[in-house]
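S.K.: Submitted below is the structure of interest, expressed as structure tokens.
Below is the structure:
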């Protein structure tokens with residue numbers, strides 16, 4: 001068998017310089033090496049990031065656990081009932097107004113729980129029905145869920161309220177509250193570029209709830225820019241009557257402004273409601289609007305005029321409380337009835353805030369001080385019955401401080417407290433002391449209780465029935481006689497027995 005010839009190899013020269021080819025090869029090697037190096041770096045960074053995230057998640061869980069321990073027991077139990085979907089959060093007996101669950105709250109940052117707290121705890125405080133589920137609550141809640149900016153503001157407002165129950169000395173906000181405030185500011189900033197969006201119902205409501213932070217924190221200066229912005233926005237819309245949402249938006253803005261003004265101790269920034277055509281004026285025995293509550297009334301200029309106006313307002317307040325009793329006794333209350341009643345009650349509170357106040361450097365006049373003390377006591381009763389407020393709240397804290405300062409001024413009025421007062425004025429003082437006690441915290445009750453006992457002894461009263469008969473002569477209703485009032489009377493009764 002013939003063997004094949006051996007294979008021979010030959011070097012074939014290529015065109016071009018061999019040196020150049022070597023440089024290109026080295027360049028290619030360097031590029032590949034650099035790519036491999038960068039790839040290893042990226043993989044190392046990814047692994048490091050994953051390890052960091054795992055540690056962060058563990059740290060976040062630990063922080064969440066410790067954060068949850070800070071919630072007060074009652075509010076933690078309330079929040080635990082909140083669900084993630086709007087259809088579970090807002091449900092009236094027999095039906096829901098979001099049957100397809102088309103609106104879902106953000107799952108993160110306690111969105112569902114905060115919204116549940118707003119709908120069940122905060123919103124009823126702005127409505128005079130005392131009912132968690134009502135037509136206004138359902139109407140406004142659906143409106144809030146339709147706008148992301150308003151929803152963020154409501155969640156911030158709710159978080160701020162829950163933060164106030166935490167046992168903290170630095171008054172710092174929780175992470176959830178800070179997050180939702182940031183979302184609110186971002187949403188509102190983006191809307192300012194568009195005129196229609198800047199003064200829409202949702203934008204006005206959002207700024208209204210931002211300005212209402214004062215109602216929780218009591219910080220007047222911090223929320224002053226938001227209050228000024230809200231006033232300007234409503235003016236651009238043409239007034240409260242031009243706001244939409246079937247009057248519910250105007251109602252909430254009016255009530256919020258009154259609460260803020262009560263805390264600040266100033267006249268309201270928004271005008272009073274127009275009640276000339278209010279359909280509830282004909283309910284029951286009928287209400288007649290006092291001249292001092294008509295548009296543009298003059299302020300009293302003498303102590304006598306001041307007292308006359310207060311007497312008129314107190315009579316009218318009792319009539320409005322009767323209307324509230326009728327509405328509370330009905331099974332259902334329409335949006336129209338609730339907004340109309342809020343107009344009646346807000347007109348009273350608005351006028352009281354507009355009445356003259358004693359300046360710190362003013363000359364002390366006993367009659368003027370008594371008139372202003374009566375006004376503050378009436379403000380407390382209105383907040384107690386119309387709003388359902390209970391101490392401690394910034395509103396009652398502000399009114400209690402004002403009342404205490406006025407009593408100190410009255411004590412400085414030479415001989416005034418030692419004068420022979422009429423029976424009617426002694427009865428008035430008893431009512432004022434009881435109103436002051438309703439706004440006081442348990443730690444502040446000692447002084448009002450002593451004053452109540454002294455007034456009862458001067459009037460020769462020994463029982464609650466006798467004291468209640470005196471209170472009924474001024475402004476009083478069954479809604480004032482709650483558990484707080486019962487505990488107050490037990491302490492008064494004990495002091496009466498021990499001092500007899």
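Residue numbers (the UniProt record's numbering): 1 to 500.
Positions of the beta carbon are idealized from the N, C-alpha and C atoms, including for glycine.
Starting from the Cα of residue 402, find the closest Cα among 375, 389, 425 and 422 and give me that residue.
M.R.: 375
S.K.: Which value, in whole angstroms, describes the spacing of the CA atoms of residue 338 and residue 48?
M.R.: 59 Å
S.K.: Can you tell me whether residue 112 is buried or exposed, with buried defined as 16 or more other CB within 10 angstroms of its CB?
M.R.: buried
S.K.: How would you call residue 32, buried or exposed, if buried means at least 16 neighbouring beta carbons within 10 angstroms?
M.R.: When all chains shown are included, residue 32 counts as exposed.
S.K.: Can we say the stretch 259-266 touches the stretch 275-295, given the rule of at least three CB pairs closer than 8 Å?
M.R.: no
S.K.: Measure the beta-carbon distance from residue 377 to residue 431 and round it to whole angstroms, keeping in mind my assumption that it falls under 8 Å.
M.R.: 7 Å
S.K.: With distances taken Cα to Cα, identify the nearest neighbour of residue 241 among 425, 184 and 270.
M.R.: 270
S.K.: Would residue 501 be called buried (16 or more neighbouring beta carbons within 10 Å of its own) or exposed?
M.R.: With the chain represented from 1 up to 500, any question about residue 501 goes unanswered, as that position is not in the structure.
S.K.: So, under 8 Å CB-CB, residue 160 and residue 216 are touching, yes? Tell me the CB distance rounded to an integer number of Å.
M.R.: 5 Å
S.K.: Do residue 202 and residue 115 have their C-beta atoms within less than 9 Å of each other?
M.R.: no
S.K.: State the DSSP-derived secondary structure class of residue 439, mapped to helix, strand or coil.
M.R.: coil
S.K.: Pick out whichever of 425, 186, 25 and 138 has its Cα sitting closest to the Cα of residue 153.
M.R.: 186
S.K.: Within the same chain, show all residues whose beta-carbon is closer than 6 Å to that of residue 496, passing over the 5 residues directly before and after it, in chain order.
M.R.: Contacts found: 453.
S.K.: Taking a contact to mean a Cβ-Cβ separation below 9 Å, would you say residue 139 touches residue 256 in this structure?
M.R.: no
S.K.: Would you kindly report the start and end of the unbroken alpha helix (DSSP H) that includes residue 215?
M.R.: 214-217
S.K.: If contacts are defined as beta-carbon pairs under 8 Å, then residue 475 and residue 317 qualify, I think. What distance do you get, rounded to the angstrom?
M.R.: 5 Å
S.K.: Would you report the Cα separation of residue 29 and residue 40, rounded to the nearest angstrom?
M.R.: Rounded to whole angstroms, the separation of the alpha carbons of residue 40 and residue 29 is 17 Å.
S.K.: Find the nearest neighbour of residue 446 within the set 459, 209 and 494, judged by alpha-carbon distance.
M.R.: Checked all of 459, 209 and 494; the closest Cα to residue 446 is 494.
S.K.: Looking at residue 323 and residue 287, is the spacing between their C-beta atoms short of 9 Å?
M.R.: yes
S.K.: From residue 471 to residue 173, what distance separates their C-alpha atoms?
M.R.: 42 Å
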